[in-house]
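Asker: Protein chains in written order, with UniProt numbering: chain A, 1 to 151; chain B, 1 to 151; chain C, 1 to 151; chain D, 1 to 151.
We treat Cβ as the ideally placed atom computed from N, Cα and C, and that holds for glycine.
There are 4 protein chains.
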Amino acid sequence: MNDPTPKDPDYEARVRASFARQGLMVTLGASLIRVAPGLVEISLPTSNAVSQQHGFVHAGALASIADSAAGYAALTLMPPAAGVLTVEFKINLMAPGIGERITARGNVVKAGRTITLAQTDVFALHEGREKRIALLMATLMTVEGRDGVTS
Amino acid sequence: MNDPTPKDPDYEARVRASFARQGLMVTLGASLIRVAPGLVEISLPTSNAVSQQHGFVHAGALASIADSAAGYAALTLMPPAAGVLTVEFKINLMAPGIGERITARGNVVKAGRTITLAQTDVFALHEGREKRIALLMATLMTVEGRDGVTS
Amino acid sequence: MNDPTPKDPDYEARVRASFARQGLMVTLGASLIRVAPGLVEISLPTSNAVSQQHGFVHAGALASIADSAAGYAALTLMPPAAGVLTVEFKINLMAPGIGERITARGNVVKAGRTITLAQTDVFALHEGREKRIALLMATLMTVEGRDGVTS
Amino acid sequence: MNDPTPKDPDYEARVRASFARQGLMVTLGASLIRVAPGLVEISLPTSNAVSQQHGFVHAGALASIADSAAGYAALTLMPPAAGVLTVEFKINLMAPGIGERITARGNVVKAGRTITLAQTDVFALHEGREKRIALLMATLMTVEGRDGVTS
Numbered sequence: 001m002n003d004p005t006p007k008d009p010d011y012e013a014r015v016r017a018s019f020a021r022q023g024l025m026v027t028l029g030a031s032l033i034r035v036a037p038g039l040v041e042i043s044l045p046t047s048n049a050v051s052q053q054h055g056f057v058h059a060g061a062l063a064s065i066a067d068s069a070a071g072y073a074a075l076t077l078m079p080p081a082a083g084v085l086t087v088e089f090k091i092n093l094m095a096p097g098i099g100e101r102i103t104a105r106g107n108v109v110k111a112g113r114t115i116t117l118a119q120t121d122v123f124a125l126h127e128g129r130e131k132r133i134a135l136l137m138a139t140l141m142t143v144e145g146r147d148g149v150t151s
Numbered sequence: 001m002n003d004p005t006p007k008d009p010d011y012e013a014r015v016r017a018s019f020a021r022q023g024l025m026v027t028l029g030a031s032l033i034r035v036a037p038g039l040v041e042i043s044l045p046t047s048n049a050v051s052q053q054h055g056f057v058h059a060g061a062l063a064s065i066a067d068s069a070a071g072y073a074a075l076t077l078m079p080p081a082a083g084v085l086t087v088e089f090k091i092n093l094m095a096p097g098i099g100e101r102i103t104a105r106g107n108v109v110k111a112g113r114t115i116t117l118a119q120t121d122v123f124a125l126h127e128g129r130e131k132r133i134a135l136l137m138a139t140l141m142t143v144e145g146r147d148g149v150t151s
Numbered sequence: 001m002n003d004p005t006p007k008d009p010d011y012e013a014r015v016r017a018s019f020a021r022q023g024l025m026v027t028l029g030a031s032l033i034r035v036a037p038g039l040v041e042i043s044l045p046t047s048n049a050v051s052q053q054h055g056f057v058h059a060g061a062l063a064s065i066a067d068s069a070a071g072y073a074a075l076t077l078m079p080p081a082a083g084v085l086t087v088e089f090k091i092n093l094m095a096p097g098i099g100e101r102i103t104a105r106g107n108v109v110k111a112g113r114t115i116t117l118a119q120t121d122v123f124a125l126h127e128g129r130e131k132r133i134a135l136l137m138a139t140l141m142t143v144e145g146r147d148g149v150t151s
Numbered sequence: 001m002n003d004p005t006p007k008d009p010d011y012e013a014r015v016r017a018s019f020a021r022q023g024l025m026v027t028l029g030a031s032l033i034r035v036a037p038g039l040v041e042i043s044l045p046t047s048n049a050v051s052q053q054h055g056f057v058h059a060g061a062l063a064s065i066a067d068s069a070a071g072y073a074a075l076t077l078m079p080p081a082a083g084v085l086t087v088e089f090k091i092n093l094m095a096p097g098i099g100e101r102i103t104a105r106g107n108v109v110k111a112g113r114t115i116t117l118a119q120t121d122v123f124a125l126h127e128g129r130e131k132r133i134a135l136l137m138a139t140l141m142t143v144e145g146r147d148g149v150t151s
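(1) Have a look at B:Ala134 and C:Val108 and give me their C-alpha separation to the nearest angstrom.
(2) Enumerate in chain order the residues of its own chain whose CB-to-CB distance from A:Ala63 is below 6 angstroms, with the five nearest sequence positions on each side excluded.
(3) Determine the extent of the beta strand (DSSP E) in which A:Thr101 is found, giving its start and end residues.
(4) DSSP three-state label for B:Met94, please.
(5) Can you name the residues of chain C whose CB is closer than 7 angstroms to the CB of D:Gly23?
(6) So with Cβ pairs under 7 angstroms, would you call B:Ile144 a contact of chain D?
(7) Report all residues from its chain with a CB closer than 8 angstroms to the CB of residue 210 of chain C; omit the five preceding and five following residues, and keep chain order.
(8) Whole angstroms are fine: how far does the CA of A:Gly106 sit from the CA of A:Ala66?
(9) Going by the beta-carbon positions, is the gap between D:Ala138 and D:Ala124 smaller than 7 angstroms?
(10) Can you tell me whether B:Ala61 is helix, strand or coil according to DSSP?
(11) Put B:Val26 into one of helix, strand or coil per three-state DSSP.
(12) Work out the CA separation of D:Gly60 and D:Ala8 for me, nearest whole Å.
(13) Pull up the distance between the alpha-carbon of C:His14 and that of A:Arg146, whole angstroms please.
(14) Taking only three categories from DSSP, how would you classify A:Gly71?
(15) Based on Cα-Cα distance, which residue from B:Met141, B:Val149, B:Gly148 lies nearest to B:Leu77?
(16) Can you pull out the residues from the region 75-91 of chain D whose beta carbon lies closer than 8 angstroms to at least one beta carbon of chain C?
(17) Apart from the five residues just before and just after C:Ser51, which ones in its own chain have a Cβ nearer than 7 angstroms to its Cβ?
(18) Return the chain-ordered list of same chain residues with a C-beta closer than 8 angstroms to the C-beta of B:Met94, the five sequence neighbours on each side being excluded.
(19) Am I right that B:Gly83 and B:Ser151 are in contact with their C-beta atoms under 8 angstroms? What's the rounded C-beta distance?
(20) If you follow the alpha helix (DSSP H) that D:Phe19 is part of, which residue opens it and which one closes it?
(21) Of all the options A:Val87, A:His54, A:Pro80, A:Gln53, which has the alpha carbon lying nearest to the alpha carbon of A:Ser68?
(22) Nearest-angstrom Cα distance between A:Ala73 and A:Thr27?
(23) Among the residues of its own chain, which have a CB less than 6 angstroms from the CB of A:Val122, if the five just before and after it don't count?
(24) Cβ of C:His54 within 7 angstroms of Cβ of D:Gly148?
(25) Tell me which residues share the same chain as A:Pro80 and place their Cβ nearer than 6 angstroms to its Cβ, disregarding the 5 neighbours each side in the sequence.
(26) Apart from the five residues just before and just after D:His126, which ones in its own chain have a Cβ nearer than 8 angstroms to its Cβ?
(27) Whole angstroms is fine: what's the gap from D:Leu85's alpha carbon to B:Thr120's?
(28) Please list, in chain order, all residues of the same chain as B:Gln22 whose beta carbon is under 8 angstroms from its beta carbon, the five residues on each side excluded.
(29) Look up C:Thr116 in the DSSP assignment and give the residues it is bridged to.
(30) Taking only beta-carbon positions, decide if D:Met141 is within less than 7 angstroms of chain A.
(31) Could you check where the beta strand (DSSP E) with A:Ser43 kicks off and where it finishes?
(32) Quick one: which chain C residues come within Cβ less than 9 angstroms of B:Val109?
(33) Roughly how many angstroms lie between the CA atoms of B:Phe89 and A:Ile115, to the nearest whole one?
(34) Quick check: is the beta carbon of A:Leu125 nearer than 7 angstroms to any beta carbon in chain D?
(35) Let me know the secondary structure DSSP gives A:Ala82 once reduced to three states.
(36) Are the C-beta atoms of C:Leu44 and some chain B residue less than 7 angstroms apart?
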């Protein structure tokens, strides 16, 4: 990434306040672990509450925290009044979501004025070993001056 | 789709039993509305419990029910002992998730021996009007003879 | 799609002139078959010149005409001075590209002010029968006032 | 990637012979630069023959060499008799394809028995400086015992 300098000095407080308003993250039991310029990490303890039929973590739960990590990584580099919306994302599932804890690490790949590309690597911590189980690429949009869409 | 004839006459019971084991669907409050050969519909009432920071339904919640709808649409056409795994999916978000209820309609586009392609259209019901808000394309894999992966 | 009324009455001439400037289409031997509001069709005769190692049409050749069809379908609905750029696309390959001729039919799914979503269905004509072999979903961007990017 | 040890000691000769049969690569003027376990590099000189309407390299030309690089990176790790087919790929375009030469570097992210995930980074060399302009993620399939599909 070329220039990870935040345009908003209060980017961390802004991301944390926004994350606290995401009802889905509370419902899933996810928490915000790390906020840095162009980088956000979200953690999710595994349990039956986020599982699919074979007992693995549901791809939708992985995608949910991975999308939030990508979106907030993008938001760290956006101007103070801007909001972020996901245009699209793709997730490749490499291995089943098995273990005690899932971590989604979102990184900005390219921050443009309107469009930001971010990648989230998703890891499962299982018996002390971390394994990458999924990879999400997201296109995020900077939204300014639209009602209801701020950080 | 060429041949939507189920290989398993009990496909509906099988999909319903499998859906009931998806802890995430219970956590989100989603329910299985319709199961037909190559087609599955899942419904989700909107609430703060599935929201993102602007009060819209979180893209991850949309992706969760859309992925399940695609996966189960694929499963309706798979042999009795087979399980289904998501290889990857992409979701395009067209409009914010606003309204009373979200419906994900998954359809099989092409059912192969190993790989199935399915598309899920996601609609929001808002003040009596249904609007398509997202579109997911998923690659699903038929898994046979792997421990822990049955329907 | 909601409103396929072109903002530019000369949309067809504009698309045809732009297509003629795409050197890659000439190199591949592709031609513009149909231009209508929100819809563009491109055709490609198969030959060894566009093949991969097994003699099928290369996924990249399918993607090339499918991307152009999606982009020009989007351009038919854009304002007169605007240019179109592809933000991303995903292509699912369903069957090998075998036959005499490939046709890519691009349709606008949702036309927004900045972002347009378009889908291209790719068909192979083989012994008089047309078969859908690939499906591309593209995110296109309306570009206005940027040097070098007009229609 | 966990284990990049080739199952076929002749992987390089096999990849080079297969590449030579890809008619599209000849048509575009692409050449195979580097073949290593889990890694393949393809280079394309820019010219009007591979351009889109604004004179940039067409997204389809970028996707073509990026797909071949991903597929051949996957093939380096496959058994001797196996062939490789692309199931799907997604490409994000970050910057216009401007410059003298395009390089696509494909890397295997995860090699499974049936499914391989590979990423290709696409760079443009412009006035002596290399810039990443696109990123492709591809799902490849190992095909064994199917008529007409060998390496």
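Answerer: By the coordinates alone:
(1) Cα-Cα distance, rounded: 14 angstroms.
(2) So the qualifying residues of the chain are Ile91.
(3) The amino acid at residue 101 of chain A is misidentified as Thr; the sequence shows Arg. Unbroken beta strand (DSSP E) run through A:Arg101: 101-111.
(4) coil
(5) Asn48, Ala49, Val50, Ser51
(6) Checking the sequence shown, residue 144 of chain B turns out to be Glu, not Ile. Proximity of B:Glu144 to chain D, defined by a Cβ-Cβ separation below 7 angstroms, is not satisfied.
(7) The question about residue 210 of chain C has no answer, for chain C in this structure spans 1 to 151.
(8) 7 angstroms
(9) no
(10) helix
(11) helix
(12) It is worth fixing the name first, because residue 8 of chain D is Asp in this sequence and not Ala. Looking at the two C-alpha atoms, the distance is approximately 31 angstroms.
(13) The displayed chain sequence assigns Arg, not His, to residue 14 of chain C. Between C:Arg14 and A:Arg146, the C-alpha separation is close to 32 angstroms.
(14) helix
(15) The candidate whose alpha carbon is nearest that of B:Leu77 is B:Met141.
(16) Residues Gly83, Leu85, Thr86, Val87, Glu88, Phe89, Lys90, Ile91.
(17) Around C:Ser51: Val57, His58.
(18) Arg132, Ile133, Ala134, Leu135
(19) 6 angstroms
(20) 11-20 is the span of the alpha helix (DSSP H), which, as asked, contains D:Phe19.
(21) A:Val87
(22) 21 angstroms
(23) Leu62, Ala66, Ala104, Ile133, Ala134
(24) yes
(25) Asp8
(26) Ile98, Gly99, Glu100
(27) 25 angstroms
(28) Ser68
(29) C:Ala111, C:Leu140
(30) Cβ-Cβ to chain A under 7 angstroms: no for D:Met141.
(31) Its beta strand (DSSP E) spans residues 39-45.
(32) Those within 9 angstroms of B:Val109 in chain C are Asn92, Met94, Arg132, Leu135.
(33) When only Cα atoms are considered, B:Phe89 and A:Ile115 end up about 21 angstroms apart.
(34) no
(35) coil
(36) no
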